[in-house]
Amino acid sequence: MKQKSFDDCQHIAAAILAGCDVITSWNFKHIVNVKTVRGVKVITTLEGYIDLLIYPPPVLIESEDDDYE
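First residue of the sequence shown: 62, per the numbering used here; consecutive thereafter.
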């Protein structure tokens, strides 16, 4: 991530240090993209933190039509 997305880096780091397992964001430019998700995975693995999953909000919202039984 670049210097201009420093605040986004801080949000991701805070979630990792707080032990969050999932964060959600509409920020597709800096957070919810393949490059960032892969980079976060590498860093958390190398540093021994739990995986942090990064998703856009609609992925985490269940609808009444979802049938998981």
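For glycine and all other residues, C-beta sits at the position ideal for the given N, C-alpha and C.
Asked, Found
"Which listed residue (N88, I115, W87) has its alpha carbon closest to that of G100", "I115"
"Start-end ranges of the beta strand (DSSP E) lying completely within the stretch 84-127, minimum 3 residues", "114-116"
"Residue environment, I122, which counts as buried when at least 16 other CB atoms sit within 10 Å", "exposed"
"Closest residue to D69 among L107, T106, I92 (Cα-Cα distance)", "I92"
"Where L76 sits in the DSSP three-state scheme", "Per the sequence shown, the amino acid found at residue 76 is Ala instead of Leu. Of the three classes helix, strand and coil, the one that applies to A76 here is helix, per DSSP."
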